[in-house]
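Below is one structure; the comments refer to it alone.
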Amino acid sequence: LTPVHVGSGITYNRNIDFVQESGRIGIVDANKVAALIGSDITAIDQWVSAIDKGTPLLDFLRNGRGLRNVKLEDVAERICVLKDTNHQAQNLKEQYRTAIEGVCIPGSSLKGAIKTAVWNYIANSDFVESLTLKDLVVVDREGKPKLTKKGDYIWDDDKLDSQLFGENANEKTTRFLKIGDVHFHNIRTEVHNIQVFNKYPRNWDFKRDDKGAFQQILFESIP
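Residue numbers for the sequence shown follow the numbering used here, so the first one is 66 and each next one is one higher.
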C-alpha cells in the first residue's frame, strides 16, 4: 500500500525549502529565518552562500551565526513526522492543502476510487463471464486486437465503462455522482521515502539515476 498522496504541484528542495532533524521534517519559513539572522544585506548574502555550498540551514544558524539554541520550530512554518530517516532524498512533494482548511483530498481525486467501488458492485459474475477479449483491449476496424511493437495487448476499459455506466456523457449515470472535498483539520502530516519500482525488459528493479544510485523522493502524506 502506498501513502495517500494528492500533490499540490509544489516540490521542496533539501536545505533550501525543508530541513530534516532526526525524525522530523520542517518546511522552512523564510520570514522566521530572516528574523533570526537579520534582514541586512550581509546576513542575506551569508545565507545565500550557505545554500550554494549545501550547508544545512540549522548548521548555518548554529555554527555560522552563533545561534546555538535554535530549534526546528524556530525556522519552520510547519513540522511533519518523518517515517524513514534512512534515505538520501533531496526533494519533497507537498500534499495538496487549502489555505483555510489545511490538508485536503479533493473530491475529484476521490471520484475515481468511488466509481471503482461501484463498478465492482454492479459487475456481477454473469457480466464478467460474458466478456470476451475484444471487450478488454483495443481492436482494429476488423475487430482484431491491436498489439504493441513488443506483441502485447493494449488494454482498454472504454467498452466496459460504456456497458456499465452509459454510452456518452449525457447518458452516464456517474454524472450524478457528486463528491465533496475531504479536509483533515489540525492534523500533522507524515513524510514517507518512496522509491520507484519499474518493470525493465528482463526483470523488475528500483529506478536508478545516472550514477547507478536508487532514485528516492519524499512525499508528504496523510497519516
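Ideal placement from N, C-alpha and C gives every residue a C-beta, glycine not left out.
Bridge partners - residue i, DSSP secondary structure assignment
{"i": "Gln280", "result": "In DSSP, Gln280 forms no bridge with anything."}
{"i": "Ile102", "result": "DSSP lists no partner for Ile102."}
{"i": "Tyr77", "result": "Leu157"}
{"i": "Asp270", "result": "Asn263"}
{"i": "Phe83", "result": "Arg79 and Ile92"}
{"i": "Leu212", "result": "Tyr218"}
{"i": "Gly167", "result": "Thr163"}
{"i": "Asn151", "result": "According to DSSP, which records beta bridges pairwise, Asn151 is partnered with nothing at all."}
{"i": "Glu138", "result": "DSSP output for Glu138 lists no bridge partner at all."}
{"i": "Gly72", "result": "Gln160"}
{"i": "Asp287", "result": "Here residue 287 turns out to be Ile, not Asp, going by the sequence shown. Answer is Val69, bridged to Ile287."}
{"i": "Val256", "result": "Leu147 and Glu285"}
Segment limits, alpha helix (DSSP H) that includes residue i
{"i": "Trp184", "result": "Gly172 to Ile187"}
{"i": "Leu147", "result": "Looking at the DSSP string, Leu147 is not in any alpha helix (DSSP H); the run it does join, the beta strand (DSSP E), is Ala141 to Leu147."}
{"i": "Leu198", "result": "Taken as a continuous stretch (DSSP letters only), Leu198 belongs to no alpha helix (DSSP H), as it is neither H nor E."}
{"i": "Phe230", "result": "Asp223 to Phe230"}
Beta-carbon contacts of residue i that lie in its chain and below 7 Å, excluding the five residues immediately before and after
{"i": "Ile282", "result": "Ala154, Asn156, Lys158 and Ile259"}
{"i": "Asn17", "result": "The chain is shown from 66 up to 288; residue 17 falls before or after that span and cannot be answered."}
{"i": "Gly245", "result": "Gly172"}
{"i": "Thr213", "result": "Ile219"}
Cβ-based neighbour list, residue i, same chain, cut-off 8 Å, excluding 5 preceding and 5 following
{"i": "Leu66", "result": "Caution applies to Leu66, whose pLDDT of 47 falls short of 50 and renders its modelled position unreliable; the value that the coordinates give is listed next. The answer is none, since no qualifying residue turns up."}
{"i": "Leu137", "result": "Val84, Glu86, Arg89, Gly91, Leu123 and Ile144"}
Closest by C-alpha distance to residue i, when choosing among the options
{"i": "Phe241", "options": "Phe230, His250, Asn251 and His248", "result": "Phe230"}
{"i": "Arg162", "options": "Tyr265, Arg273 and Arg253", "result": "Arg253"}
{"i": "Ile219", "options": "Gln228, Glu232, Asp205 and Ser227", "result": "Asp205"}
{"i": "Asp117", "options": "Val140, Glu255 and Asn78", "result": "Asn78"}
{"i": "Val113", "options": "Asn80, Asn134 and Arg127", "result": "Asn80"}
6 Å CB neighbourhood of residue i in its chain, flanking five on each side removed
{"i": "Phe271", "result": "Gln260, Phe262 and Phe279"}
{"i": "His152", "result": "Asn258 and Gln281"}
Anticipated Cβ contact below 8 Å, residue i with residue j, distance rounded
{"i": "His70", "j": "Gln160", "result": "6 Å"}
{"i": "His248", "j": "Gly177", "result": "Incorrect: roughly 19 Å between the Cβ atoms, too far for contact."}
{"i": "Asp289", "j": "Val202", "result": "With the chain represented from 66 up to 288, any question about residue 289 goes unanswered, as that position is not in the structure."}
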